[in-house]
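Using the working numbering, you'd call the opening residue of the sequence shown number 194 and step up by one each time. All C-beta atoms in this analysis are idealised placements derived from N, C-alpha and C, irrespective of residue type, glycine included. Report on one structure; see the data block that follows.
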Amino acid sequence: VSYTPRHQREMVLAYIAATSSDGLATLRRGFGREPVPASLKLMWRVGTAPRAARRAAEAALALVGEHRLADTLRSGGRKAVAELWQLTDRLAAMAAEIESDWRTQRLDAVICPAGASPAVPIGMERDASIVFSYFGRYNLLGMPAGVVPVTRVRSDETDWSPPSGRADRFDKRLQAIAAHSAGLPVAVQVAAPRWRDETALAVMAAIEARMRGRDDFPQTPRDPSSDGDTQDRQPGIDPLGDPHSPAKWK
Numbered sequence: 194v195s196y197t198p199r200h201q202r203e204m205v206l207a208y209i210a211a212t213s214s215d216g217l218a219t220l221r222r223g224f225g226r227e228p229v230p231a232s233l234k235l236m237w238r239v240g241t242a243p244r245a246a247r248r249a250a251e252a253a254l255a256l257v258g259e260h261r262l263a264d265t266l267r268s269g270g271r272k273a274v275a276e277l278w279q280l281t282d283r284l285a286a287m288a289a290e291i292e293s294d295w296r297t298q299r300l301d302a303v304i305c306p307a308g309a310s311p312a313v314p315i316g317m318e319r320d321a322s323i324v325f326s327y328f329g330r331y332n333l334l335g336m337p338a339g340v341v342p343v344t345r346v347r348s349d350e351t352d353w354s355p356p357s358g359r360a361d362r363f364d365k366r367l368q369a370i371a372a373h374s375a376g377l378p379v380a381v382q383v384a385a386p387r388w389r390d391e392t393a394l395a396v397m398a399a400i401e402a403r404m405r406g407r408d409d410f411p412q413t414p415r416d417p418s419s420d421g422d423t424q425d426r427q428p429g430i431d432p433l434g435d436p437h438s439p440a441k442w443k
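Below is the structure:
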């Protein structure tokens, strides 16, 4: 059954608005003295910049065609209590519409992309939080969801261009990630209705069981069923070195 999710663009912006509504104070406490990861630096700047600075940057970006980044700046940052309640009310309304869609189409689960790109190559994490759009949706809706690997990027799948033909900052980042993604894992996400965690897990297990025997299945560097330091000796990605080189097992 084909399913087209509602409100995807609005939900991405709502996610940014909600998580930055306290000026990222909660996230800052969580990191403590640790540096902000490269993958979050763009969102960090959006969430912590003064309102006046964000408004000026938003206007300048819109003039040069960076409308998605301008919308991101408009959504981010600290909010008044009244703004937060309006956002909460809108999120509840969208969640109700989406739950109604699932009931109407009798959906037990949805299989969709895990992110807007394959796994991000090591060293290319800068601004990589832009890939969150799919899994952020189900976090925001409070629906159980999980990710399961299914294949790896082929060498003839690394050339990507935006459908519009014109690349903005986000598109250029995705193009760079895609160009260096050969051999890296590709996953799918499974989402289920609220309080149906067991359904999401069962579908994930079925997908993994079906795909595990394929030659292009992404093997984990360590066999979770083994004891001690015994490692799975199948080819894979070296987690501590070149993301495109075969892992060197002891």
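Check, Outcome
"Please report the straight-line C-alpha distance between residue 216 and residue 403, rounded to a whole angstrom.", "44 Å"
"Return the residue from the list 405, 387 and 391 that minimises the CA-CA distance to residue 296.", "387"
"Quick one: give me the first and last residue of the alpha helix (DSSP H) that residue 240 is part of.", "234 to 241"
"What is the rounded straight-line gap between the Cα of residue 213 and the Cα of residue 408?", "42 Å"
"So residue 362 and residue 259 are in contact, right, with Cβ under 8 Å, and what is the actual spacing, rounded?", "6 Å"
"Quick one: what does DSSP say residue 382 is sitting in, helix, strand or coil?", "strand"
"Given that a residue counts as buried once 16 or more other Cβ atoms are within 10 Å of its Cβ, and exposed if not, what is residue 310?", "buried"
"Which residue from 262, 222 and 343 puts its Cα closest to that of residue 364?", "262"
"Taking 8 Å as the cut-off, does the stretch 374 to 387 touch the stretch 338 to 347 (at least 3 CB pairs, one atom from each stretch)?", "yes"
"Report all residues from its chain with a CB closer than 8 Å to the CB of residue 280; omit the five preceding and five following residues, and keep chain order.", "207, 210, 211, 214 and 272"
"Consult DSSP for residue 396 and reduce its assignment to one of helix, strand or coil.", "helix"
"Helix, strand or coil: which one does DSSP assign to residue 339?", "strand"
"Can you give the Cα-Cα distance for residue 234 and residue 332, rounded to whole angstroms?", "21 Å"
"May I have the straight-line CA-CA distance separating residue 318 from residue 231, to the nearest angstrom?", "6 Å"
"Here's the rule: buried if 16 or more other CB atoms are within 10 angstroms of the residue's CB, otherwise exposed. What is residue 367?", "buried"
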